[in-house]
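Protein chains in written order, with our numbering: chain E, 1 to 407; chain V, 1001 to 1407. Glycine included, every Cβ here is placed at the ideal spot set by N, Cα and C. Remember, predicted model here, so these are calculated numbers, not experimental data.
There are 2 protein chains.
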Amino acid sequence: MKSAPPRPARARCWSLDEVLAWIAAELTPTSPETLPRIELFGRVLATDVVAFADEPLQPRALIDGLAARADDLVGATAYNPLSFRLSASTEALRAREVALVNAGDPLPTDSDAVVPLDYVHAADANRCELIDSVPSGHAVEAVGSHVRRGTTVFSTGRQLSAADIGVLAQLGIGSLSVIGQPRIGLVLVGRDLVDSDCPLAKSATRDADSPMLSRLIERDGGLVVFQHSIGRDVAALHAALAEIGLDAIFVVGGTGQGPDDLSSSVLAETGSVAIHEIALYPGGSAALGHTARHTLVCLLPGRPAACLWAYEIVVGGSVRRLGGRDLALPYETCSLTLARKIVSTIGVTEIWPVRMTDFNIVEPVTTAPRDSLLALASADGFIIVPEASEGLPAGATAKVYLRGLCR
Amino acid sequence: MKSAPPRPARARCWSLDEVLAWIAAELTPTSPETLPRIELFGRVLATDVVAFADEPLQPRALIDGLAARADDLVGATAYNPLSFRLSASTEALRAREVALVNAGDPLPTDSDAVVPLDYVHAADANRCELIDSVPSGHAVEAVGSHVRRGTTVFSTGRQLSAADIGVLAQLGIGSLSVIGQPRIGLVLVGRDLVDSDCPLAKSATRDADSPMLSRLIERDGGLVVFQHSIGRDVAALHAALAEIGLDAIFVVGGTGQGPDDLSSSVLAETGSVAIHEIALYPGGSAALGHTARHTLVCLLPGRPAACLWAYEIVVGGSVRRLGGRDLALPYETCSLTLARKIVSTIGVTEIWPVRMTDFNIVEPVTTAPRDSLLALASADGFIIVPEASEGLPAGATAKVYLRGLCR
Chain E
1 MKSAPPRPAR
11 ARCWSLDEVL
21 AWIAAELTPT
31 SPETLPRIEL
41 FGRVLATDVV
51 AFADEPLQPR
61 ALIDGLAARA
71 DDLVGATAYN
81 PLSFRLSAST
91 EALRAREVAL
101 VNAGDPLPTD
111 SDAVVPLDYV
121 HAADANRCEL
131 IDSVPSGHAV
141 EAVGSHVRRG
151 TTVFSTGRQL
161 SAADIGVLAQ
171 LGIGSLSVIG
181 QPRIGLVLVG
191 RDLVDSDCPL
201 AKSATRDADS
211 PMLSRLIERD
221 GGLVVFQHSI
231 GRDVAALHAA
241 LAEIGLDAIF
251 VVGGTGQGPD
261 DLSSSVLAET
271 GSVAIHEIAL
281 YPGGSAALGH
291 TARHTLVCLL
301 PGRPAACLWA
311 YEIVVGGSVR
321 RLGGRDLALP
331 YETCSLTLAR
341 KIVSTIGVTE
351 IWPVRMTDFN
361 IVEPVTTAPR
371 DSLLALASAD
381 GFIIVPEASE
391 GLPAGATAKV
401 YLRGLCR
Chain V
1001 MKSAPPRPAR
1011 ARCWSLDEVL
1021 AWIAAELTPT
1031 SPETLPRIEL
1041 FGRVLATDVV
1051 AFADEPLQPR
1061 ALIDGLAARA
1071 DDLVGATAYN
1081 PLSFRLSAST
1091 EALRAREVAL
1101 VNAGDPLPTD
1111 SDAVVPLDYV
1121 HAADANRCEL
1131 IDSVPSGHAV
1141 EAVGSHVRRG
1151 TTVFSTGRQL
1161 SAADIGVLAQ
1171 LGIGSLSVIG
1181 QPRIGLVLVG
1191 RDLVDSDCPL
1201 AKSATRDADS
1211 PMLSRLIERD
1221 GGLVVFQHSI
1231 GRDVAALHAA
1241 LAEIGLDAIF
1251 VVGGTGQGPD
1261 DLSSSVLAET
1271 GSVAIHEIAL
1281 YPGGSAALGH
1291 TARHTLVCLL
1301 PGRPAACLWA
1311 YEIVVGGSVR
1321 RLGGRDLALP
1331 YETCSLTLAR
1341 KIVSTIGVTE
1351 IWPVRMTDFN
1361 IVEPVTTAPR
1371 DSLLALASAD
1381 GFIIVPEASE
1391 GLPAGATAKV
1401 YLRGLCR
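What follows is the structure, encoded as structure tokens:
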């Protein structure tokens, strides 16, 4: 098989940087909504979170032990054990009394230290002897030592982690205002598209795009509100682009210049095409624009690998932007050494799936064409060769986006 | 506030490496289940995936263009345009016929190349003139060029990504056998534990652990099947440890040595405690064992930061192991420079939340005690100081686990 070469850069081609700048400038996070804490995981704060009380609210035992008055303990040693009454109450301590406490318990009134159980020499139900002293404040969490009332705990824009949810629970914060999830409609345009479980007729294409895109949109914090498969029905595409209550409409397929490629012309008729022809391979036939009502429309190529990369490199950024997340790719990166050279077209940003061959060594995947989804099956990550570059020599250090977390 | 120092290492203390080796040796992935493709995202293959047909199954156009016989094109140039009949059918081509095809379409029988639309000089409904030739195979995807029938596409143990789901769709694979999700019961032991939205009575503790653990268990591929809050009810703990149909029971709280700490003694009575006292701070009072029926039991400290780290560093590995995932921490790491020294106790693995102060520079978080969840609010990641180390000097390069992805 001989692949068609990447499209050459044209005068009217958009560079990837221009496209990402357009997304950053044109799109703003969706309206906030207030949600109960149980639904906040992974969401992006639309407000600062301020502690409305000290944490802890009262002095608390840091360890299991005996709450005591530090002054009472002075002089206790193994040679001079001091005897204490074991209080049944954990409310308040009198002189020469101690009380058993669990880690996390509030200290009894008038106690100011917790003695480790190791320091207990002998004990019965009512008394115990201590063989060492501790200073005031020992193993005690003072009021406000974790956070002071009025402190900003989390700032607007933070994406809430599991530990953050724990902090909110600890602070007694039951609900918060977060950026709304971008509501996205998915429209599949294409000749004889069949669900992939059906037997394949000669002219039909299995739909690999929608199951893939749904997961990626979800990963980026979006919500797929509907999914229509409309074949080559121009009226249905017009209708889909007139849907309301959406933050974006993604049209998959029909973005090229062939006989069935109606997506960009229909968008141009009913709204506006802002960006078409991106200097990106695979995925350059993606386009961005707006409906007449100014809903974002993203056109994605139907060919699965092109669809994947158009989403990952361009369109996914719009989902993250609408959801208040960072526009940057949600992959960790690593500097690795390239075992074989990569030749790239100047003027085109190229994506190269790579696999690890040795510790810190990668090479381009050759088991399947680069513009096949199958190339990713054996890839451990990918390299983005910028449009100004004509490639990378063998032995070069390359920034590799790691597959490990591209779920 | 003066913190209690990390527990010193004791003769019977388990090192973190020993604990992780125990998890790897004692636990095996749960039984596989067969699921439809729509539920496969993020799941771990229990079987190899083999392509049962070539992909593509028939030669396919790589670009929008004109399907042609390459032999017919020889000699076409701008000075010598060749004329072709435009076939209405895309089934089969006769000599000196071409047919419009979309990228992804199967090639008409007897065609062997696709001519880019740029090469069309003039055209009407029935004829067109071409001004350049292409060789046989140009812009054609040959049968099996993405993957050959019988090739192993994905191996057992792979966690399926969004692109992988696309590959399965493309190959027409509708269901697969994957490792079952570990089914986990969550039991909260503790004095006067209240849901965190309730007003806080003097002696009560807000439950920050269960919302946090639920998200983390979910992240690691586990399924929280039930959650019981049982206070100090020993009989209820016995009953919970007798539950069947679970892969693991996590008991939160009551793991220390204080008056209410019943978890490990009840586990010892009804089953067996394999590991108790881990040389880890925070989180060292975690324990691992089995019920009488040999269901895994993990005891987690109730104090939120200790609970978090006991889960992250130890117990989470058991969830991933049961679910067939990698035991390793699901965080990306990065080598960064430490701006201020860290002092750590020899014999104890210590966790230090750190925050970025400058490009590639981190320092320990000081806004909240290290054993407070709040320390994580301003952390960008954490450092694990191994038990053999007494700390790291200022200027040292440290492996930092990045918060960015610890969702």
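Where are the beta strand (DSSP E) runs, 3 residues long or more, that stay fully inside the segment 322 to 373 of chain E, in chain order? Entirely contained in the segment 322 to 373 of chain E, the beta strand (DSSP E) runs reaching 3 residues are, in chain order, 333 to 338, 349 to 358 and 361 to 364.
Check your understanding: Would E/ILE102 be called buried (16 or more neighbouring beta carbons within 10 Å of its own) or exposed?
Key -> Within the first sequence, numbered from 1, the residue matching residue 102 of chain E stands at position 102. A small fix is needed here, since residue 102 of chain E is Asn in this sequence, not Ile. Buried is the call here.
- prompt: Who are E/THR156's beta bridge partners in DSSP?
  reply: In the first sequence, the residue the question calls residue 156 of chain E occupies position 156. Answer is none; E/THR156 lacks a bridge partner.
Legend entry - Reference E/GLY174, options V/ALA1139, V/PRO1211, V/SER1177 and V/PRO1182, closest by Cα: For the purposes of this step, residue 174 of chain E is taken as the residue at position 174 of the first sequence. Distances from the alpha-carbon of E/GLY174 to those of V/ALA1139, V/PRO1211, V/SER1177 and V/PRO1182 put V/PRO1211 closest.
Quiz prompt | Coil, strand or helix - V/GLN1170 by DSSP | solution = Indexing the second sequence from 1 puts residue 1170 of chain V at position 170. The answer is helix: DSSP assigns V/GLN1170 an H, G or I state.
Secondary structure, alpha helix (DSSP H): runs of 4+ residues fully inside the segment 60 to 114 of chain E:
DSSP runs (the alpha helix (DSSP H)) wholly in the segment 60 to 114 of chain E: 70 to 73.
Coarse secondary structure for V/SER1210, derived from DSSP in three states: Locating residue 1210 of chain V in the second sequence gives position 210, where the first residue counts as 1. Looking at V/SER1210 - three-state DSSP - the assignment turns out to be helix.
- Query: Listed in chain order, which residues of the segment 1163 to 1186 of chain V have Cβ atoms closer than 9 Å to some Cβ of chain E?
  - Reply: So the list reads ALA1163, ASP1164, ILE1165, GLY1166, VAL1167, LEU1168, ALA1169, GLN1170, LEU1171, GLY1172, ILE1173, GLY1174 and SER1175, given in the order they occur along the chain.
- Query: List, in order along the chain, the chain E residues whose C-beta lies closer than 7 Å to that of V/ALA1368?
  - Reply: As a position in the second sequence, residue 1368 of chain V is number 368, starting the count at 1. Correct list: HIS146 and VAL147.
Checklist line | CB contact below 8 Å: E/ASP209 versus chain V | finding: Start at 1 with the first residue of the first sequence, and residue 209 of chain E comes out as number 209. Yes, E/ASP209 lies at the interface with chain V (some Cβ there is under 8 Å from its Cβ).
**Asked** Would you call the segment 1294 to 1309 of chain V and the segment 1233 to 1248 of chain V in contact, with 3 or more CB pairs under 8 Å?
**Response** At 8 Å Cβ cutoff, the stretches touch.
Q) In whole angstroms, what separates the C-alpha of E/ARG10 from that of V/LEU1062? A) Mapped onto the first sequence, residue 10 of chain E falls at position 10. Mapped onto the second sequence, residue 1062 of chain V falls at position 62. With a pLDDT of 43 at E/ARG10, under the threshold of 50, the modelled position of that residue is not reliable, and the figure given next carries that caveat. Each residue's Cα considered, the two are about 20 Å apart.
(message) Out of E/GLY166, E/ASP71, E/ARG60 and E/ALA379, which one is the CA nearest neighbour of E/GLU408?
(response) Any property of residue 408 of chain E remains undetermined from this structure, which presents chain E solely from 1 to 407.
| query | Among E/GLY42, E/TYR119 and E/ASP207, which one has its Cα closest to the Cα of E/LEU160? | reply | As a working note, residue 160 of chain E is residue 160 in the first sequence. The closest CA to that of E/LEU160, considering only E/GLY42, E/TYR119 and E/ASP207, is found on E/GLY42.
- Who are the near neighbours of V/LEU1402 in its chain, counting only those whose CB is closer than 8 Å to its CB and skipping five residues on each side? Along the second sequence, read from residue 1 onward, the residue named residue 1402 of chain V stands at position 402. Residues TYR1331, GLU1332, THR1333, CYS1334, ASP1380 and GLY1381 of the same chain have their beta carbon placed closer than 8 Å to that of V/LEU1402, with the five preceding and five following residues left out of the count.
* To do: Compare the beta carbon distance of V/ALA1046 and V/SER1155 with 8 Å and say whether it is the shorter of the two.
  => By 1-based counting over the second sequence, the position of residue 1046 of chain V is 46. By 1-based counting over the second sequence, the position of residue 1155 of chain V is 155. Judged by beta-carbon spacing, V/SER1155 lies beyond the 8 Å limit of V/ALA1046, meaning their Cβ atoms are not closer than that value.
>> Tell me whether the segment 21 to 40 of chain E and the segment 165 to 174 of chain E touch, counting them as touching only if at least three CB pairs, one residue from each stretch, are closer than 8 Å.
In response: Contact holds: three or more Cβ-Cβ distances are below 8 Å.
V/THR1255 versus V/LEU1188: straight-line alpha-carbon distance, rounded
On the second sequence, residue 1255 of chain V is found 255 positions in, with the first residue counted as 1. On the second sequence, residue 1188 of chain V is found 188 positions in, with the first residue counted as 1. For the pair V/THR1255 and V/LEU1188, the Cα-to-Cα distance works out to about 11 Å.
Does any residue of chain V bring its CB to less than 8 Å from the CB of E/ARG303?
Here the question's residue 303 of chain E lines up with position 303 in the first sequence. At a cut-off of 8 Å between C-beta atoms, E/ARG303 counts as an interface residue with respect to chain V.
*Identify the contact partners of V/MET1356 in chain E, using a Cβ-Cβ distance below 9 Å as the criterion.*
Residue numbering aside, residue 1356 of chain V sits at position 356 when the second sequence is read from its first letter. Around V/MET1356, no beta-carbon contact reaches into chain E at under 9 Å, the shortest distance being about 15 Å.
- Message: By the 9 Å beta-carbon criterion, what residues does the segment 219 to 233 of chain E contribute toward chain V?
- Response: Within the segment 219 to 233 of chain E, the residues whose Cβ lies closer than 9 Å to some Cβ of chain V are ARG219, listed in chain order.
Please state the DSSP three-state secondary structure of V/GLU1018. Mapped onto the second sequence, residue 1018 of chain V falls at position 18. Here V/GLU1018 carries a helix assignment [DSSP, helix/strand/coil].
- Task: Compute the distance between the beta-carbons of V/THR1090 and V/PRO1108, then report whether it is under 8 Å.
- Result: What you label residue 1090 of chain V is simply residue 90 of the second sequence in a count that begins at 1. What you label residue 1108 of chain V is simply residue 108 of the second sequence in a count that begins at 1. Against a cut-off of 8 Å, the Cβ pair of V/PRO1108 and V/THR1090 comes out as a contact.
| task | Answer yes or no: does any C-beta atom of chain V fall closer than 8 Å to that of E/SER372? | result | Along the first sequence, read from residue 1 onward, the residue named residue 372 of chain E stands at position 372. The beta carbon of E/SER372 falls within 8 Å of a beta carbon belonging to chain V, placing the residue at that interface.
Could you check how far apart the C-beta atoms of E/SER145 and E/ALA70 are, in whole angstroms? I think they sit under 8 Å. Taking the first residue of the first sequence as 1, we reach residue 145 of chain E at position 145. Taking the first residue of the first sequence as 1, we reach residue 70 of chain E at position 70. Not a contact, Cβ separation roughly 17 Å.
Next on the checklist: Within the continuous beta strand (DSSP E) that includes E/PRO304, where are the two ends?
Outcome noted: Walking along the first sequence from the start, residue 304 of chain E turns up at place 304. Per DSSP, E/PRO304 lies in no beta strand (DSSP E); the unbroken alpha helix (DSSP H) holding it starts and ends at 304 to 310.
What is the rounded straight-line gap between the Cα of V/ASP1064 and the Cα of V/PHE1084? Mapped onto the second sequence, residue 1064 of chain V falls at position 64. Mapped onto the second sequence, residue 1084 of chain V falls at position 84. One C-alpha to the other measures close to 17 Å.
**OP:** Within the segment 236 to 261 of chain E, note down every full beta strand (DSSP E) run reaching 3 residues or more, in order along the chain.
**Re:** When DSSP assignments are scanned along the segment 236 to 261 of chain E, the uninterrupted stretches of beta strand (DSSP E) that are 3 or more residues long and fall wholly within it turn out to be 248 to 252.
Q) Is E/ASN126 close to chain V, meaning its C-beta is less than 8 Å from at least one C-beta of that chain? A) Within the first sequence, residue 126 of chain E is the residue found at index 126, counting from 1. By the rule that beta-carbons nearer than 8 Å mark a contact, E/ASN126 does not touch chain V.
- prompt: Along chain E, in chain order, which residues have C-beta atoms closer than 8 Å to that of V/VAL1153?
  reply: Here the question's residue 1153 of chain V lines up with position 153 in the second sequence. When 8 Å is used as the limit between beta carbons, V/VAL1153 is near these residues of chain E: LEU374 and ALA377, in chain order.
Cβ closer than 8 Å: which chain V residues qualify as neighbours of E/ILE38?
Start at 1 with the first residue of the first sequence, and residue 38 of chain E comes out as number 38. Neighbours of E/ILE38 on chain V, chain order: PRO1211.
Select from the segment 1098 to 1112 of chain V all residues with a C-beta closer than 8 Å to any C-beta belonging to chain E, and list them in chain order. If the cut-off is 8 Å between Cβ atoms, the segment 1098 to 1112 of chain V has LEU1100, VAL1101, ASN1102, ALA1103, GLY1104, ASP1105 and PRO1106 near chain E.
Tell me whether the beta-carbon of E/GLU350 lies closer than 8 Å to the beta-carbon of E/VAL314.
Here residue 350 of chain E corresponds to residue number 350 of the first sequence, with the count starting at 1. Here residue 314 of chain E corresponds to residue number 314 of the first sequence, with the count starting at 1. Against a cut-off of 8 Å, the Cβ pair of E/VAL314 and E/GLU350 comes out as no contact.
Next on the checklist: For the ligand FAD, is there any heavy atom lying closer than 7 Å to the beta carbon of E/VAL153?
Outcome noted: Ligands are entirely absent from the displayed structure, and the ligand FAD is therefore not among its contents.
Practice prompt. May I ask you to list, following chain order, the residues of the segment 1326 to 1347 of chain V that have a beta carbon less than 7 Å from some beta carbon of chain E?
Written response: Hits within the stretch, in order: GLU1332.
| request: State the DSSP-derived secondary structure class of V/GLU1452, mapped to helix, strand or coil. | output: Beyond the ends of chain V as shown, which are 1001 and 1407, falls residue 1452 of chain V; an answer cannot be given.
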